[in-house]
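Chemist: Letter by letter, the sequence shown follows residues 196 to 466 of this note's numbering.
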Amino acid sequence: MPLVDSHCHLDGPKFADDIDAVLERAFDAGVRRLLGIGTGDGPPGLDCAIRLAEKYPQMLATVGVHPHEASKVTPQSYEDLRSLGRHPKVVAFGEIGLDYHYDFSPREVQREVFVEQLRIASDLKLPIVIHTREAWTDTMAVLREHWSGQGIMHCFTGTPDQAQEALDLGFHLGFGGVLTFRTAEDVRAAAKLVPDDRLLVETDAPYLAPIPWRGKRNEPSYMVETVRKLAEVRGVTPEHIAAVTTANFERLCATQASISSQRYTEISDGN
């Protein structure tokens, strides 16, 4: 059951001591490709996921500034993002968006940085990875005005109506461990209505581990529980979920990487 973890953060201190073992467990669980999110601690260091992707062939990367770190952005940050976005293993731009829960950066700064990053992603012809928390209305308003490409609503935890709104704008929806939580009825209802060709699965590791690991450090191998729950919700097999989400990721992101099909086959076969 080959799987793709379409969103994980493996660059931080929580994985510093055992990244090789984490990736080995991921492979044993069927995870054949991982998208490392390159926001890190924000500017000036924006290449954290690229460095991992250069070391591990099964990993691809994004670049971007998370809304939490928007206040750290300088004109040089935008130049760096444009340059890093051309790296052959960078296949998406993100995670970017708005977060009004913590307001670590002023909201007007978040919106300004969000819009500029949409421009850069458009210029680079990269899909975007969206983070939105307690800012749905503003996030969608910015996207309607400034974006016409493809993208992923990362860690979708909204309602069925919000899911349809995102689908209408052409987005894929990424479902993670929250789908397994007892109180996540709205998320499961949303997951039922997403067409097969817009589904993705993710971990957001090290965050939001699915049941039965809720509250512990999340890692890519745990994604099998999310896949099982998603299959149950949609009335299909886990193998079906694995097949469609892998195909969706390949179509949206992985074909943009300069990795030969032969090399991907080698990775999938464990060689």
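The beta carbon of each residue, even a glycine, is placed where N, CA and C say it ideally should be.
Values in this document were obtained by computation on a predicted structure and should not be read as measured data.
Determine the direct distance from the alpha carbon of V285 to that of R458, and round the result to whole angstroms.
Modeler: The pLDDT assigned to R458 is 36, lower than 50, so where the model puts this residue is not dependable; a value taken from the coordinates is nonetheless given after this. Computed Cα separation, rounded: 17 angstroms.
Chemist: Give the single residue among W331, E340, S272 and G365 whose Cα lies nearest to the Cα of T352.
Modeler: W331
Chemist: Tell me the DSSP secondary structure of G372 in three-state form.
Modeler: helix
Chemist: Do you know how far the Cα of G225 is from the Cα of R423?
Modeler: Between R423 and G225, the C-alpha separation is close to 13 angstroms.
Chemist: Could you tell me which residues DSSP puts in a beta bridge with C203?
Modeler: G231
Chemist: Buried or exposed: which applies to G465, given that a residue is buried once 16 or more other Cβ atoms fall within 10 Å of its Cβ?
Modeler: Residue confidence is low: G465 scores 46 on pLDDT, short of 50, so the model does not pin down where it sits. Its coordinate-derived value is still stated next. So G465 counts as exposed.
Chemist: Among residues of its own chain, excluding the 5 on either side of M348, which ones have a beta-carbon nearer than 6 angstroms to its beta-carbon?
Modeler: I325, A361, F366 and L368
Chemist: Between the alpha carbons of V337 and V310, how many angstroms are there, rounded?
Modeler: For V337 and V310, the distance between alpha carbons rounds to 7 angstroms.
Chemist: Is the distance from the Cβ of F288 to the Cβ of I232 below 8 angstroms?
Modeler: no
Chemist: To the nearest angstrom, how far is the alpha carbon of I214 from that of A244?
Modeler: One C-alpha to the other measures close to 13 angstroms.
Chemist: List the endpoints of the continuous alpha helix (DSSP H) containing E307.
Modeler: R302 to L319
Chemist: Rounded to a whole number of angstroms, what is the C-alpha to C-alpha distance between T234 and T440?
Modeler: 24 angstroms
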